[in-house]
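Residue numbers (the numbering used here): 344 to 436.
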């Protein structure tokens, strides 16, 4: 029986826009659309706005680009520089 003073911490799960797998939030890269409509890569996971997540795998990024899943998640077109920044993050991270 678990000690009532130390409850198990619930791990937040998010779905990858590329492969559709549910993974712990910390294992994913967040892309956010701010209330002003600006889309950016959010490495802290704390920026305000609508978020979408992607695995730290190049294949998942390619799937998300090909199927335009990020465009659908944000209801607008995601600029190429965001995809370039994500790709750079995957290669360096």
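In this text, a Cβ means the ideal position worked out from N, Cα and C, and glycines have one as well.
Residue i to residue j, Cα distance in whole Å?
| i | j | result |
| --- | --- | --- |
| residue 416 | residue 351 | 31 Å |
| residue 425 | residue 388 | 16 Å |
| residue 367 | residue 358 | 9 Å |
| residue 362 | residue 353 | 23 Å |
| residue 339 | residue 355 | A query on residue 339 cannot be resolved here, the shown segment of the chain reaching from 344 to 436 and no further. |
Terminal residues of the continuous beta strand (DSSP E) containing residue i?
| i | result |
| --- | --- |
| residue 291 | Residue 291 is absent from the structure shown; the chain starts at 344 and stops at 436. |
| residue 395 | 393 to 398 |
| residue 366 | 365 to 367 |
| residue 354 | Element bounds for residue 354: n/a, residue is neither H nor E. |
| residue 383 | 382 to 385 |
In the DSSP assignment, the alpha helix (DSSP H) including residue i goes from what residue to what residue?
| i | result |
| --- | --- |
| residue 413 | 412 to 417 |
| residue 433 | 423 to 435 |
Closest to residue i by CA distance: which of the options is it?
| i | options | result |
| --- | --- | --- |
| residue 443 | 393, 368, 357, 398 | With the chain covering only 344 through 436, there is no way to say anything about residue 443. |
| residue 375 | 355, 391, 365 | 391 |
| residue 365 | 385, 395, 386, 429 | 395 |
Counting pairs of Cβ atoms below 8 Å between the stretch 397 to 408 and the stretch 378 to 385, do you hit three or more?
-> Under the 8 Å Cβ criterion, the stretch 397 to 408 does not count as touching the stretch 378 to 385, having fewer than three qualifying pairs.
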